[in-house]
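Heads up: the sequence shown begins at 1 in UniProt numbering, then just goes up one per residue.
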Amino acid sequence: MIQSDKGADPPDKKDVKLSTATNPQNGLSQILRLVLQELSLFYSRDVNGVCLLYDLLHSPWLQALLKIYDCLQEFKEKKLVPATPHAQVLSYEVVELLRETPTSPEIQELRQMLQAPHFKALLSAHDTIAQKDFEPLLPPLPDNIPESEEAMRIVCLVKNQQPLGATIKRHEMTGDILVARIIHGGLAERSGLLYAGDKLVEVNGVSVEGLDPEQVIHILAMSRGTIMFKVVPVSDPPVNSQQMVYVRAMTEYWPQEDPDIPCMDAGLPFQKGDILQIVDQNDALWWQARKISDPATCAGLVPSNHLLKRKQREFWWSQPYQPHTCLKSTLCEYCNCPTDKEEFVGYGQKFFIAGFRRSMRLCRRKSHLSPLHASVCCTGSCYGVVGAPYEEVVRYQRRPSDKYRLIVLMGPSGVGVNELRRQLIEFNPSHFQSAVPHTTRTKKSYEMNGREYHYVSKETFESLIYSHRMLEYGEYKGHLYGTSVDAVQTVLVEGKICVMDLEPQDIQVVRTHELKPYVIFIKPSNMRCMKQSRKNAKIITDYYVDMKFKDEDLQEMENLAQRMETQFGQFFDHVIVNDSLHDACAQLLSAIQKAQEEPQWVPATWISSDTES
Ligand SMILES: Nc1ncnc2c1ncn2[C@@H]1O[C@H](COP(=O)(O)OP(=O)(O)OP(=O)(O)O)[C@@H](O)[C@H]1O
Numbered sequence: 001m002i003q004s005d006k007g008a009d010p011p012d013k014k015d016v017k018l019s020t021a022t023n024p025q026n027g028l029s030q031i032l033r034l035v036l037q038e039l040s041l042f043y044s045r046d047v048n049g050v051c052l053l054y055d056l057l058h059s060p061w062l063q064a065l066l067k068i069y070d071c072l073q074e075f076k077e078k079k080l081v082p083a084t085p086h087a088q089v090l091s092y093e094v095v096e097l098l099r100e101t102p103t104s105p106e107i108q109e110l111r112q113m114l115q116a117p118h119f120k121a122l123l124s125a126h127d128t129i130a131q132k133d134f135e136p137l138l139p140p141l142p143d144n145i146p147e148s149e150e151a152m153r154i155v156c157l158v159k160n161q162q163p164l165g166a167t168i169k170r171h172e173m174t175g176d177i178l179v180a181r182i183i184h185g186g187l188a189e190r191s192g193l194l195y196a197g198d199k200l201v202e203v204n205g206v207s208v209e210g211l212d213p214e215q216v217i218h219i220l221a222m223s224r225g226t227i228m229f230k231v232v233p234v235s236d237p238p239v240n241s242q243q244m245v246y247v248r249a250m251t252e253y254w255p256q257e258d259p260d261i262p263c264m265d266a267g268l269p270f271q272k273g274d275i276l277q278i279v280d281q282n283d284a285l286w287w288q289a290r291k292i293s294d295p296a297t298c299a300g301l302v303p304s305n306h307l308l309k310r311k312q313r314e315f316w317w318s319q320p321y322q323p324h325t326c327l328k329s330t331l332c333e334y335c336n337c338p339t340d341k342e343e344f345v346g347y348g349q350k351f352f353i354a355g356f357r358r359s360m361r362l363c364r365r366k367s368h369l370s371p372l373h374a375s376v377c378c379t380g381s382c383y384g385v386v387g388a389p390y391e392e393v394v395r396y397q398r399r400p401s402d403k404y405r406l407i408v409l410m411g412p413s414g415v416g417v418n419e420l421r422r423q424l425i426e427f428n429p430s431h432f433q434s435a436v437p438h439t440t441r442t443k444k445s446y447e448m449n450g451r452e453y454h455y456v457s458k459e460t461f462e463s464l465i466y467s468h469r470m471l472e473y474g475e476y477k478g479h480l481y482g483t484s485v486d487a488v489q490t491v492l493v494e495g496k497i498c499v500m501d502l503e504p505q506d507i508q509v510v511r512t513h514e515l516k517p518y519v520i521f522i523k524p525s526n527m528r529c530m531k532q533s534r535k536n537a538k539i540i541t542d543y544y545v546d547m548k549f550k551d552e553d554l555q556e557m558e559n560l561a562q563r564m565e566t567q568f569g570q571f572f573d574h575v576i577v578n579d580s581l582h583d584a585c586a587q588l589l590s591a592i593q594k595a596q597e598e599p600q601w602v603p604a605t606w607i608s609s610d611t612e613s
């Protein structure tokens, strides 16, 4: 019965032999072959269970498994021959062959392959593994460790180009040298053998008792190759159970200039706008972070939110003179607008585009001198000084059903913000649009309410300001002008991308989860290029007469751009250098597409507000 259908075939010795033919003298396969031969004798006698056993042992999967096992056993014993010398010989022979048949495409191809860097790298990797020279050679552990030193741990680390990734300090009371912190991603952390709080007893056989941390560092710096630490382990190794947090640096930090940092070499310098991954917040004063632009490197020390804020305040008060509104000096430079002239309607446009009144940009620049604006917007303007030094951010990907993100263009006067915005809207007016501004001035005969402006009373305008529904506004010739949140929303609700220009000091007002703005800074290129590209361009002045760019204008633009970047760079999601108008337009289109369709870092509050609502 057991022999029945499946085991019906009589044992065939040839078959058995074939199955082990690749390695006849080999271990398990050989044994299996012999067992099968024995079993075949009983097979014909119909001994109970033999057929089942025979079929089992004869099954291809078992034989394949045993073959793999045998191959691996063989590999373990075998010393692989380096392939590089063979390849060199082959290469030499190929060159010889080519002398005889220089036109042979196959040989040419073979030579190219042998000389290709990736092929050489592959051979070199093979040889490294074949010779098993990838394992660090650790010295044998000392065998004369006294019984009383049971609580000791011997840690051997092989020093390479990277720092060890640990900092040490002296215990204030006992004078012991302790591991102060283990840096994430560093050698010590990856070894899993050293912990913050471990007491250092010896380094490379030298006792550290009574030494200063600097002297221990010196011993370490002098050591080459393997470093052996003898440590008394900390009783409760700290566990980092914190979640990773990502932040945008709203200020810059240079460890080399910070006398308070516990270990300067372990500091992580960063600039405004850098996205940092905070990997450890265990210490209330010093966090560990790495830049997402450089994820492979080990983490570094950065001041905690609390500490950095304190440092900013101290720095602020240590300055000999600070104007009361932190941006006042800069604002005066932005609003270089001397006399009031008549408001000016843009001309030369193929079709009407709202929000392109020259007065809009001019009046906004002037507006920051007005007491009304100062009282409402001071908090935002002072952000750089007293605001949070880190802003928590998350990755945000706009879903196709979501409204488009507001696109904000920003740049020094004359750089081409309006020109680029105009070109963008003209390129695809059904996709890009400006918001229709509000004004308190009376409507002219040729104008239409809701086309050039929304014409409202002063009271209505002011109530919009006080209820924070105005994104930006200013006064011009006794009338108020501005762009409201609702005007922007109207464009977005229509399924279009709203593009607006903004003065940098208004940036905080638009940064809401409602609009999720993507800020693009338009930057002038260097003087030499600007002189060339702006040869025929005209500055739009406060007067009717537009003037050619003078060298001073270009220089002023460059200086202003630098100041804007220094002061507001943390808010810029993208920077475009407007040298060739054609290239700048192409970059603008591509940046806007990415902003709408690819994941971007945005303030975490924008997203949590989404969840709540
Ligand atoms: N890349 C460029 N190459 C040549 N000319 C340019 C370029 N970009 C802008 N211009 C020209 O420079 C002049 C000023 O540009 P635009 O009005 O857009 O500046 P702006 O940044 O909006 O400043 P403002 O608000 O003070 O006018 C315009 O004549 C414009 O056509």
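Positions of the beta carbon are idealized from the N, C-alpha and C atoms, including for glycine.
Name the DSSP bridge partner or partners of residue i?
i: N449; result: Y453
i: Y603; result: It should be noted that the sequence gives Pro, not Tyr, for residue 603. For P603, which the question treats as bridged, DSSP gives the partners V393.
i: M547; result: I539
i: S484; result: M470
i: W286; result: P303
i: Y195; result: Partner(s): none; Y195 has no beta bridge.
i: T439; result: Y455, Y481
i: V247; result: L276, E392
i: Q433; result: C498
i: R153; result: V231
i: Y291; result: Reading off the sequence, residue 291 comes out as Lys, not Tyr. Answer is L276, bridged to K291.
i: S207; result: E202
i: G267; result: L301
Determine the closest residue to residue i out of the options, with distance taken between C-alpha atoms.
i: V239; options: S445, G411, L220, D280; result: D280
i: Q271; options: N282, L285, P255; result: P255
i: P237; options: G210, M250, Y195, R224; result: Y195
i: E214; options: E93, Q312, K169; result: K169
i: N536; options: R528, F549, G478, D260; result: F549
i: T439; options: S401, H479, S445; result: H479
i: S223; options: L157, K291, W61; result: L157
i: residue 614; options: F572, Q423, H126, R99; result: Nothing in the structure corresponds to residue 614, since the chain is present only between 1 and 613.
i: Q505; options: M564, G450, Y481; result: M564
i: S434; options: E452, I576, Y54; result: E452
i: I539; options: M557, M527, E462; result: M557
Determine whether the beta carbon atoms of residue i and residue j lie at a separation below 8 Å.
i: A266; j: I183; result: yes
i: P85; j: A130; result: no
i: L420; j: N160; result: no
i: M173; j: N204; result: no
i: V50; j: L39; result: yes
i: I522; j: V417; result: yes
i: residue 615; j: G165; result: A question about residue 615 goes unanswered here, because the residues of the chain that appear run from 1 up to 613.
i: L406; j: C529; result: no
i: A561; j: P412; result: yes
i: V485; j: L471; result: yes
i: C298; j: G185; result: yes
i: L178; j: G197; result: yes
i: Q570; j: A249; result: yes
i: V602; j: K516; result: yes
i: T226; j: L308; result: no
i: R534; j: L502; result: no
i: N305; j: P389; result: yes
Rounded to the nearest angstrom, what separates residue i and residue j at their Cα positions?
i: V234; j: A180; result: 11 Å
i: A595; j: V247; result: 19 Å
i: M152; j: V232; result: 5 Å
i: A296; j: P163; result: 14 Å
i: P437; j: V456; result: 11 Å
i: A289; j: L276; result: 6 Å
i: L369; j: E426; result: Because the pLDDT of L369 is 44, which lies under 50, any placement of that residue in the model is unreliable, and the number read from its coordinates should be weighed accordingly. The alpha-carbon atoms of L369 and E426 are separated by roughly 34 Å.
i: M410; j: Q600; result: 19 Å
i: V376; j: H468; result: Any reading at V376 must be qualified, since the residue scores a pLDDT of 43, below 50, and its modelled position is unreliable; the value itself is stated next. If you take the alpha carbons of V376 and H468, they lie about 9 Å apart.
i: D12; j: F75; result: Low confidence applies here, because D12 scores a pLDDT of 39, under 50, leaving its location unreliable and the question unanswered by this model.
i: Q112; j: K291; result: 40 Å
i: S359; j: Y476; result: The predicted model places S359 with a pLDDT of 45, which falls under 50 and marks its position as unreliable, so this point remains unresolved.
i: V245; j: Q593; result: 27 Å
i: N428; j: L589; result: 11 Å
i: I217; j: E202; result: 12 Å
i: G27; j: E93; result: 39 Å
i: G175; j: V208; result: 10 Å
i: S463; j: L301; result: 47 Å
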